[in-house]
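Participant: Sharing a structure, written as structure tokens. Questions coming.
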Amino acid sequence: MYFLQKGFFSISLTFMPIFTGMNQFCQNCNKPISDNYCAHCGQRAIANQRLSWKEIFSDFADNVLNLDKGFFFTFWKLLVSPGKVGRNFLRGERKKYTSPIRYLIIAVAIQAFIDYWLLEAGPNENPDFFYFPFLSAEMNSKMAIMNHLIATKYAFAHNLSMIIIFPAIFYVIFRRLHYRYIELLTVNFYYFSSGLMIVLILLFFSWLIGFDFPIPAIIFSTIAYVFWSSFHFFKDIHWAKRVGYILLSLVLFMLMRVFLLTYFISIFVPIENIQ
Ligand SMILES: [Zn+2]
Numbered sequence: 002m003y004f005l006q007k008g009f010f011s012i013s014l015t016f017m018p019i020f021t022g023m024n025q026f027c028q029n030c031n032k033p034i035s036d037n038y039c040a041h042c043g044q045r046a047i048a049n050q051r052l053s054w055k056e057i058f059s060d061f062a063d064n065v066l067n068l069d070k071g072f073f074f075t076f077w078k079l080l081v082s083p084g085k086v087g088r089n090f091l092r093g094e095r096k097k098y099t100s101p102i103r104y105l106i107i108a109v110a111i112q113a114f115i116d117y118w119l120l121e122a123g124p125n126e127n128p129d130f131f132y133f134p135f136l137s138a139e140m141n142s143k144m145a146i147m148n149h150l151i152a153t154k155y156a157f158a159h160n161l162s163m164i165i166i167f168p169a170i171f172y173v174i175f176r177r178l179h180y181r182y183i184e185l186l187t188v189n190f191y192y193f194s195s196g197l198m199i200v201l202i203l204l205f206f207s208w209l210i211g212f213d214f215p216i217p218a219i220i221f222s223t224i225a226y227v228f229w230s231s232f233h234f235f236k237d238i239h240w241a242k243r244v245g246y247i248l249l250s251l252v253l254f255m256l257m258r259v260f261l262l263t264y265f266i267s268i269f270v271p272i273e274n275i276q
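Numbering (the working numbering), first residue to last: 2 to 276.
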């Protein structure tokens, strides 16, 4: 009788995972699992079941829509209190936000999608650019064409260079705050992607109502967001000084982007090779 009871008990224990649809051992790392997540590797307990639409959907909802740490939550927080998100993340409050690299990848993917469906990068329109009086007219026109090519045909490489250059400038200008370059770079993944999202939303709505959004307005909204996010992020510096530092950073950035980058590419790359 005792053995029968024991036997029955162990049989029901053996079949329990099937009844509850859950395994006692994590399928990813083989450690016992007792909660919604594996305490050892962090895999979700639901992942122990066979792949189903429910699992895929809940994974998608978790990563993108989840109000706690999803993309839209992170985007919203980066709009209303960008500095807080950046500082919290660097301080270790990370789980509640979409990770910066994933955030960047989602934003770039949305950009690629919208580029593909809505926008024809117009390489035919007349390149309009700054005129540098200390350079020859030939050099000026070459730089104008090159600048246009960078911004349209090589938009991805262009975006990538901006992601790297901006934090380098902040690193030098705000060195007294002792941020590491990698910290400013990581935070910039958030800010850059949010700037991108703002532009995409503007473009999308102007496309919806059939309104041609002027390029200077796009540039202005990007710069406004850079200003807004860095003004919030570097809050340990007196506000008047901070405004000066940010403006200086923007000038340095424009110098690098509009002049140095375009100038050196124009010198070293013949236009025939690029078109
Ligand atoms: Zn595990």
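The beta-carbon is built from N, C-alpha and C at its ideal position, and this holds for glycine as well.
1. On the DSSP bridge list, what partners appear for F26?
2. Within this structure, are the beta carbons of N148 and T75 separated by less than 7 Å?
3. Verify whether the separation of the beta carbon atoms of L204 and Q112 is less than 7 Å.
4. Sorry if obvious, but does the Cβ on N29 come closer than 6 Å to a heavy atom of ligand 1?
5. Rounded to the nearest angstrom, what separates W240 and F234 at their Cα positions?
6. By a C-beta neighbour count over all protein chains shown, 10 Å radius and 16 as the cutoff for buried, is L52 buried or exposed?
7. CB-CB under 7 Å to H159, same chain, minus the five flanking residues each way: which ones, in chain order?
8. Grab me the residues of Y172's own chain with a C-beta within less than 6 Å of its C-beta, minus the 5 sequence neighbours each way, in chain order.
9. Taking the alpha helix (DSSP H) that H40 falls in, what are its first and last residues?
10. Quick check: the Cα distance between F265 and A62, rounded to an integer number of angstroms?
11. Taking all protein chains shown into account, decide if K143 is buried (16 or more other Cβ within 10 angstroms of its Cβ) or exposed.
12. Report the rounded CA-to-CA distance for N125 versus H41, giving the unit in angstroms.
13. Take V227 as the anchor and find which of L261, V188, M257 has the nearest alpha-carbon.
14. Could you tell me the alpha carbon to alpha carbon distance between N29 and Y180, rounded to whole angstroms?
15. Relative to the alpha-carbon of L105, which residue among N89, L161, S250 has its alpha-carbon at the smallest distance?
16. Can you tell me where the alpha helix (DSSP H) with A218 in it begins and where it stops?
17. Quick check on the burial criterion: 16 or more other C-beta atoms within 10 angstroms. Buried or exposed for L249?
18. How far does the alpha helix (DSSP H) with V200 in it reach, from first residue to last?
19. Just to check, is the beta-carbon of Q50 closer than 6 Å to a non-hydrogen atom of ligand 1?
20. In terms of residues, what are the limits of the alpha helix (DSSP H) holding P168?
21. Please report how far the alpha carbon of S222 lies from the alpha carbon of A169, in whole angstroms.
22. Taking the CB atoms as reference points, tell me whether S230 and P83 lie closer together than 7 Å.
Facilitator: On the basis of the coordinates in this document:
1. P33
2. no
3. no
4. yes
5. 11 Å
6. exposed
7. I151, A152
8. Y182, L185
9. Before going further, note that residue 40 is Ala rather than His in the sequence given. It is not in any alpha helix (DSSP H) - A40 carries neither H nor E in the DSSP assignment.
10. 45 Å
11. buried
12. In this prediction, N125 scores a pLDDT of 46, lower than 50, which makes its location untrustworthy; the coordinate-derived value is nonetheless stated afterwards. Straight-line Cα distance between these residues: approximately 56 Å.
13. V188
14. 37 Å
15. L161
16. 216-234
17. exposed
18. 182-209
19. no
20. 156-174
21. 22 Å
22. yes
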